[in-house]
Amino acid sequence: MVISENQIRKGDAEARVPKTLQIAIDGPAGAGKSTVAKKIADALEYLYIDTGAMYRAATWLVVQKGISFDDSDQVVKAVADSKIELRPGHDEEKILVFVNGEEVTKLIRSQNITKLVSKLAAIGAVREQLVNQQRHLALAGGVVLDGRDIGTVVLPDANVKIFLTASPAVRAKRRLKELQAAGENPDYDTLLKDIIERDQMDTNREIAPLRMADDAVLILSDKMSVDEVVAHIIKLCS
Ligand code: DC
Numbered sequence: 000m001v002i003s004e005n006q007i008r009k010g011d012a013e014a015r016v017p018k019t020l021q022i023a024i025d026g027p028a029g030a031g032k033s034t035v036a037k038k039i040a041d042a043l044e045y046l047y048i049d050t051g052a053m054y055r056a057a058t059w060l061v062v063q064k065g066i067s068f069d070d071s072d073q074v075v076k077a078v079a080d081s082k083i084e085l086r087p088g089h090d091e092e093k094i095l096v097f098v099n100g101e102e103v104t105k106l107i108r109s110q111n112i113t114k115l116v117s118k119l120a121a122i123g124a125v126r127e128q129l130v131n132q133q134r135h136l137a138l139a140g141g142v143v144l145d146g147r148d149i150g151t152v153v154l155p156d157a158n159v160k161i162f163l164t165a166s167p168a169v170r171a172k173r174r175l176k177e178l179q180a181a182g183e184n185p186d187y188d189t190l191l192k193d194i195i196e197r198d199q200m201d202t203n204r205e206i207a208p209l210r211m212a213d214d215a216v217l218i219l220s221d222k223m224s225v226d227e228v229v230a231h232i233i234k235l236c237s
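Using numbering that gives the first Met the number 0, you'd call the opening residue of the sequence shown number 0 and step up by one each time.
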């Protein structure tokens, strides 16, 4: 097997990364956070915690129970009474998401849940519960978390903070490809509109809005490949 210099250098950078860092990756929808976070977790043998999946799972539960998102007391109670779990998966699906023991990994990616999740994420008492769970999972370090408020709220003392973003058009194109690969047939303009709307809701909500932490490193990924972003972040960790 021929090993390129590139690979040797990449291996060196990974070897220099301590085993117990907390890596926080925030940014808007479709910036490539989860793809990047999974690859970093793989390379460093870290635990990947997809916090968006937790908000999605809670949203799925509320829809399933037929509760209105305007009835925040009921929403909070439903989430408090439920068990949301992230379990290690396999090659195709690195993380499996469960709600009260039922696997919902694929179901939480539907366009309907994607549309509704910002409503749930705007409820403070729901966020409190999920944030506590996220802090608990991250306690021992050796973790990569991606979300909107990891560097600002969940782990303000994270060792490495990244704000990963891309222009709305690039993000919509990426989402289109992802959904097409999953067998859906979405319309580009609708996706773009949804992304802009979701950015606005996530950025303007009162509690834990999407914003870059003062000590985060900004990465604009429009013209970068996934591997370039991953390599850049691993370098920042070592
Ligand atoms: O990353 P994602 O698209 O799977 O996230 C789904 C939604 O959850 C997104 O609209 C914002 C919300 N979210 C949040 O408010 N805080 C987080 N830490 C992660 C996600």
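Yeah, the Cβ is synthetic: ideal placement off N, Cα and C, and Gly gets one too.
- Counting along the chain, the unbroken beta strand (DSSP E) around V96 starts and ends at I94 to V98.
- Between P87 and L144, the alpha-carbon positions lie close to 14 angstroms from each other.
- DSSP lists I22 and Y47 as the beta-bridge partner residues of V143.
- Scanning its chain for C-beta atoms nearer than 7 angstroms, with the 5 sequence neighbours on each side dropped, one finds around V75 the residues I122, A124 and V125, in chain order.
- Per DSSP, the continuous alpha helix (DSSP H) segment holding R197 begins and ends at Y187 to N203.
- In the DSSP secondary-structure assignment, L163 is bridged to I218.
- If you check the C-beta of A28 against the ligand DC, you find a heavy atom less than 6 angstroms away.
- Set against 6 angstroms, the gap from the CB of R174 to the closest heavy atom of the ligand DC is not smaller.
- Remark: C-beta atoms of R147 and D25 approach each other more closely than 7 angstroms.
- When DSSP states are grouped into helix, strand and coil, I83 belongs to the strand group.
- T151 sits buried, since 16 or more C-beta atoms from the chains shown fall within 10 Å of its C-beta.
- Relative to the non-hydrogen atoms of the ligand DC, the Cβ of T50 comes within a distance shorter than 6 angstroms of at least one.
- In the DSSP assignment, A212 falls outside any alpha helix (DSSP H), carrying neither H nor E.
- As the crow flies, the alpha-carbon of V35 is around 11 angstroms from that of D49.
- Under the DSSP assignment, D226 falls in the alpha helix (DSSP H) whose first and last residues are V225 to C236.
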